[in-house]
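Take the sequence shown: its position 96, counted from the start at 1, is 96 in UniProt numbering, and no numbers get skipped. A quick write-up on the structure given underneath.
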Amino acid sequence: MASATTMHHRRRSIIQLALLLLVTSPAAMLAAGGACESEEFPAGRSYATCADLPTLGASLHWKYDAAASSLSLAFAAKPPGTSGAGWVAWGINPTGDGMKGAQTLVAFKSSGAYVVNTYNLTGYRPLSAASTPIAFEATELAADEGADGKVRLYGTLQLPKGMEAVNHIWQVGSTVANGVPAKHAFAQENLEAKGSLVLTGAGTTDAAPAPVAGGPSAEQATGC
Ligand SMILES: *[C@@H]1O[C@H](CO)[C@@H](O)[C@H](O)[C@H]1NC(C)=O
1 MASATTMHHR
11 RRSIIQLALL
21 LLVTSPAAML
31 AAGGACESEE
41 FPAGRSYATC
51 ADLPTLGASL
61 HWKYDAAASS
71 LSLAFAAKPP
81 GTSGAGWVAW
91 GINPTGDGMK
101 GAQTLVAFKS
111 SGAYVVNTYN
121 LTGYRPLSAA
131 STPIAFEATE
141 LAADEGADGK
151 VRLYGTLQLP
161 KGMEAVNHIW
171 QVGSTVANGV
181 PAKHAFAQEN
191 LEAKGSLVLT
201 GAGTTDAAPA
211 PVAGGPSAEQ
221 ATGC
């Protein structure tokens, strides 16, 4: 009786291990095409490409019109903390690979409805309640919440001609205080929420290139 139970447990843990290996193996992820492919958006929102981003359980879906250098995107991530109380952000950094200099879109609830603000992140200081101008014309900004609790941020960015590989950053935060997204956590997965993205590629999300000496690495240590 005791040995039958042991066997049962052992068999179950072997199955669990096999499932874990299956889930974590890169080959399995490639074969499955990534979790992002199963994410669904409201009618009228469809994107040619998606990528599961390496941290924060976030994904990016996009459609890049090279002729018009127009990027239509949906960023999805689940903010930590109370449902509906947090924020999600995605942005392109045209001048570096961290938070400083990033041209970002931030979605959060304001008076019960989702809004999307733009922020030109000029340094490591609190955001304002109002948008600040960013380098790219941003249109069709909207956000909603999926059944899985993920906040989906939508927008279209008019990029400079030929800008087909970008450094991007993403982030989530638990709190919006007085209409202002408050600072995010500083865990490893928050700090590593950046990479490079080939807009014309099929979901390429390499790690961001190493910062050059004298570059923005000192500021990165403070956490964006
Ligand atoms: C963003 O901020 C930087 C630093 O203050 C400034 O040089 C740049 O012109 C700003 N960009 C826009 C689009 O306002």
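Glycine included, each C-beta is placed from N, C-alpha and C at the ideal position.
Among all the DSSP beta bridges, which residues are the ones paired with Ile169?
Numbered from its first residue, the sequence shown carries residue 169 at position 169. Answer is Gly91, Lys194, bridged to Ile169.
With contact counted as at least three CB pairs below 8 Å, one residue from each stretch, are the segment 107 to 121 and the segment 140 to 153 in contact?
Contact holds: three or more Cβ-Cβ distances are below 8 Å.
Select from Ala129, Phe75, Ala182 the residue whose C-alpha is nearest the C-alpha of Thr156.
Residue mapping note: residue 156 aligns to position 156 of the sequence shown, counting from 1. Closest by alpha carbon: Phe75.
Span of the beta strand (DSSP E) holding Arg152?
Within the sequence shown, residue 152 is the residue found at index 152, counting from 1. Run containing Arg152: 151 to 158, per the beta strand (DSSP E) assignment.
Look up Ala107 in the DSSP assignment and say whether it is helix, strand or coil.
Residue numbering aside, residue 107 sits at position 107 when the sequence shown is read from its first letter. Ala107 falls in the strand class under three-state DSSP.
Consult DSSP for Ser70 and reduce its assignment to one of helix, strand or coil.
Along the sequence shown, read from residue 1 onward, the residue named residue 70 stands at position 70. In the structure shown, Ser70 sits in a strand (DSSP, three-state: E or B).
Measuring alpha carbon to alpha carbon, tell me which residue in Ala147, Val180, Gly86 is nearest Phe41.
For this step, residue 41 is matched to residue 41 along the sequence shown. Among Ala147, Val180, Gly86, the Cα nearest to that of Phe41 belongs to Ala147.
Identify every residue that forms a DSSP beta bridge with Thr118.
As a position in the sequence shown, residue 118 is number 118, starting the count at 1. Paired residue(s): Leu105.
Using 8 Å as the cut-off, classify the Cβ of Ala135 as near or not near the heavy atoms of ligand 1, replying yes or no.
The residue labelled residue 135 in the question sits at position 135 within the sequence shown. Yes, Cβ of Ala135 sits closer than 8 Å to a heavy atom of ligand 1.
What residues match up with Cys36 in a beta bridge as DSSP calls it?
Here the question's residue 36 lines up with position 36 in the sequence shown. In the DSSP output, where bridge partners are listed per residue, Cys36 has none listed.
Would you mind stating whether Thr122 and Lys100 have Cβ atoms separated by less than 9 Å?
Looking up residue 122 in the sequence shown gives position 122. Looking up residue 100 in the sequence shown gives position 100. For Thr122 and Lys100, yes; Cβs fall inside 9 Å.
Compute the Euclidean distance between the alpha carbons of Tyr154 and Ser128, then round it to the nearest angstrom.
The residue given as residue 154 occupies position 154 in the sequence shown. The residue given as residue 128 occupies position 128 in the sequence shown. Roughly 21 Å between the two C-alpha positions.
Any heavy atom of ligand 1 closer than 8 Å to the Cβ of Asn120?
Numbered from 1 along the sequence shown, position 120 holds the residue referred to as residue 120. At least one heavy atom of ligand 1 is nearer than 8 Å to the Cβ of Asn120, so yes.
Which same chain residues end up closer than 6 Å to Glu137 when comparing Cβ atoms and leaving out the 5 residues on each side of it in sequence?
The residue you call residue 137 lines up with position 137 of the sequence shown. If we look at Glu137 and ignore the five residues flanking it on each side, its Cβ neighbours are Gln158.
Once the 5 residues before and after Asn167 are set aside, which same chain residues still bring their CB inside 6 Å of it?
In the sequence shown, residue 167 corresponds to position 167, counting from 1. Hits under 6 Å: Asn93, Asp97, Ser196, Ala208.
With distance defined between alpha-carbon atoms, name the residue in Gln103, Pro133, Ser83 nearest to Lys109.
Taking the first residue of the sequence shown as position 1, residue 109 is located at position 109. Among Gln103, Pro133, Ser83, the Cα nearest to that of Lys109 is on Ser83.
So is the beta-carbon of Gln158 under 8 Å away from any non-hydrogen atom of ligand 1?
Counting from 1 along the sequence shown, the entry for residue 158 is found at position 158. Outside the cutoff, so no.
Beta-carbon separation of Thr200 and Glu164 under 9 Å?
Taking the sequence shown and counting its residues from 1, one reaches residue 200 at position 200. Taking the sequence shown and counting its residues from 1, one reaches residue 164 at position 164. Contact: yes.
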